[in-house]
Amino acid sequence: MGLDQTPRRHETMNTEHGTRGAKTVGGAARSAAAGSMSRRALLGMGVAGAAGLAGAASLWDWFARWRDAETPADVFKGGAPGEEMWLLWKARGWVKEGRHYVKLGRNVQCKVCPNNCLLAPGDRGHCRNRINRDGTLYTLAYGNPCTFHVDPVEKKPLYHFLPGTRTFSLATAGCVFRCLNCQNWEISQRKPEDTKNPRGPEFRFRPPLPASLTHEQMERLSLFPEDAAAVAAALGCPTISYTYSEPTAFYEYTQDTCKAARAHHLRNIVVSCGSIEERAARDLYAWVDAAHVDLKGFDEAVYQKLNSGRLAPVLRTLKLLRDLGVWFEIINLIVPTYTDPPDMIRRMCAWIAKELGPDRPLHFSRFHPQYKLSHLPPTPIATLVRARDLARAEGLRHVYIGNAPGLEDAGITRCPNCRKAVVRRDIYAVTHLDIVQGKCRFCGAPIPGVWT
Ligand code: SF4
Numbered sequence: 006m007g008l009d010q011t012p013r014r015h016e017t018m019n020t021e022h023g024t025r026g027a028k029t030v031g032g033a034a035r036s037a038a039a040g041s042m043s044r045r046a047l048l049g050m051g052v053a054g055a056a057g058l059a060g061a062a063s064l065w066d067w068f069a070r071w072r073d074a075e076t077p078a079d080v081f082k083g084g085a086p087g088e089e090m091w092l093l094w095k096a097r098g099w100v101k102e103g104r105h106y107v108k109l110g111r112n113v114q115c116k117v118c119p120n121n122c123l124l125a126p127g128d129r130g131h132c133r134n135r136i137n138r139d140g141t142l143y144t145l146a147y148g149n150p151c152t153f154h155v156d157p158v159e160k161k162p163l164y165h166f167l168p169g170t171r172t173f174s175l176a177t178a179g180c181v182f183r184c185l186n187c188q189n190w191e192i193s194q195r196k197p198e199d200t201k202n203p204r205g206p207e208f209r210f211r212p213p214l215p216a217s218l219t220h221e222q223m224e225r226l227s228l229f230p231e232d233a234a235a236v237a238a239a240l241g242c243p244t245i246s247y248t249y250s251e252p253t254a255f256y257e258y259t260q261d262t263c264k265a266a267r268a269h270h271l272r273n274i275v276v277s278c279g280s281i282e283e284r285a286a287r288d289l290y291a292w293v294d295a296a297h298v299d300l301k302g303f304d305e306a307v308y309q310k311l312n313s314g315r316l317a318p319v320l321r322t323l324k325l326l327r328d329l330g331v332w333f334e335i336i337n338l339i340v341p342t343y344t345d346p347p348d349m350i351r352r353m354c355a356w357i358a359k360e361l362g363p364d365r366p367l368h369f370s371r372f373h374p375q376y377k378l379s380h381l382p383p384t385p386i387a388t389l390v391r392a393r394d395l396a397r398a399e400g401l402r403h404v405y406i407g408n409a410p411g412l413e414d415a416g417i418t419r420c421p422n423c424r425k426a427v428v429r430r431d432i433y434a435v436t437h438l439d440i441v442q443g444k445c446r447f448c449g450a451p452i453p454g455v456w457t
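Quick look at the structure:
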């Protein structure tokens, strides 16, 4: 999940429906034993389900997929909604067949993110949003955001993309990671049924817009892709942001809304942890105009411990965005004792400069104690300033510091040629903009980004 914090207004919208009591298999970390069990189970299921496979793919294709598969993540065994909740959810239109998965007899393997969840009928994926129902993978996070809001684009944060504009931001429950420091855990670590209520009359949110929404309306509100685009346009937002939790976990909703947004001549912003399989990423980012990727550290062991994720797929996504020509910026939250070693920061910056280029904006962000790391202190300002020095020494030209109000030069964009300030910001507000047609007003040098 990215660092864009959800607005506080809706964050306590939790209800108790459906799959209460569902269990994860094996706790938070993946174990080698669990992995080998899954492979054996997968092989057994494949033999039993060979007849079902024959129609979908050749046996060799299936074997190659099995051989190349990542060790699947822990899933919620038997965690799919019961019959009543399923029917209510379906009647609302909040169910969609998943994209990017393989059928293995009556079992399915999701290929949206590197968790590669392997689901028997009745199971729920690691992100809490996807289930196996009778041999088909479905997402439950479709058209049912648990929160939406209009934000300055600088809050994502994106500093080199349409500065000073507002973006219609939405999220559903669920996330592919388990970050110990998550600032939006009230929605990211919930399942859709915890944040929405399919009972009562249907309530589609679309223009003409009501002046306000009650908590109860928000719980049963639907915001389908076409309606989301119409709402964003009605609110005067040139972009829609998929943010707060993790867009990869509500992949189908994100992708369809991106397409609807384009049809309304709006642009799309994805704020993501970057942990997504390549094929799914290519399909999604074809519709995306800007991304903000949370590079949470530069060490596999730290990624596993702090985020229950892996670094390598995130680096692959960053290189893919570079190759696809999607504008993107990177954020790195410096968490004391986890991601603050200077050598790790230096190696990360060297990698960014070499692989993504010196013009790629990097935002260092200050950690504040929360969620499971409430015992840690905030990141010292000196640590953030040292990180910026290291980044600049590695050649990065646009390095920012966030969550540190009052720190000099923290949010100023300087022309890489004449060094004059071309964008000044006060927290999320742009106070001076001296870029004309993508160039420095003072010397005419091009400034990397999307400015109009
Ligand atoms: S998107 Fe969800 S269900 Fe699919 S692999 Fe990732 S965590 Fe598992």
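Under the numbering used here, read the sequence shown as residues 6 to 457, first letter to last. All C-beta atoms in this analysis are idealised placements derived from N, C-alpha and C, irrespective of residue type, glycine included. Everything numeric in this text was worked out from a predicted model, so none of it was measured.
Cα atoms of Ala-434 and Glu-159: separation of roughly 7 angstroms, rounded to the nearest angstrom.
Residue Asp-304 holds the alpha-carbon nearest to the alpha-carbon of Arg-352 among Gln-442, His-270, Arg-429 and Asp-304. With contact defined as three or more Cβ pairs closer than 8 angstroms, the region 78-90 and the region 98-105 are not in contact. Ranked by Cα distance from Tyr-143, the options Ile-339, Thr-152 and Arg-133 are led by Arg-133. With contacts defined by Cβ atoms closer than 7 angstroms, Cys-354 and Leu-401 form a contacting pair. Setting aside the 5 residues that flank it on each side, His-403 is surrounded in the same chain by Pro-366, each with a C-beta closer than 6 angstroms to its C-beta; the list follows chain order.
For Met-349, the closest alpha carbon among the candidates Val-307, Ala-409, Ser-280 and Asp-364 is that of Val-307. Beta-bridge partners of Cys-115 (DSSP): Tyr-106. Within a 10 Å sphere around the beta-carbon of Leu-124 sit 16 or more other beta-carbons, which makes this residue buried. Per DSSP, the unbroken beta strand (DSSP E) holding Asp-431 starts and ends at 426-431. Counting along the chain, the unbroken beta strand (DSSP E) around Ser-246 starts and ends at 244-247. In its chain, beyond the 5 residues on either side, Leu-93 and Arg-225 have a beta carbon closer than 8 angstroms to the beta carbon of Arg-204.
Uninterrupted beta strand (DSSP E) stretches at least 3 residues long and entirely within the region 275-332 occur at 295-299, given in chain order. The residues Cys-132, Asn-134, Gly-179, Cys-180 and Val-181, in chain order, have a CB closer than 6 angstroms to that of Ala-254 in the same chain once the five nearest residues on each side in sequence are set aside.
Between the ligand SF4 and Gly-130, a heavy atom-to-CB distance of less than 6 angstroms is present. Nearest in C-alpha terms to Ile-357, of all of Leu-185, Tyr-256 and Glu-399, is Glu-399. For Pro-157, the uninterrupted beta strand (DSSP E) segment begins and ends at 152-157. In the same chain as Cys-151, and ignoring 5 residues on each side of it, the C-beta atoms closer than 7 angstroms to its own belong to His-15, Met-18, Ala-176, Thr-177, Ala-178, Ile-192, Thr-200 and Lys-201, in chain order. In the DSSP assignment, Ser-193 falls within the alpha helix (DSSP H) that extends over 190-193. Per DSSP, the continuous alpha helix (DSSP H) segment holding His-220 begins and ends at 220-225.
In the three-state reduction of the DSSP assignment, Tyr-164 falls in the coil class, being assigned neither a helical nor a strand state.
Between Leu-300 and Asn-337, the gap from beta carbon to beta carbon is short of 7 angstroms. Following the DSSP letters along the chain, one finds Tyr-256 inside the alpha helix (DSSP H) bounded by residues 256-268. Here the distance from the Cβ of Asn-112 to the nearest heavy atom of the ligand SF4 is not below 6 angstroms.
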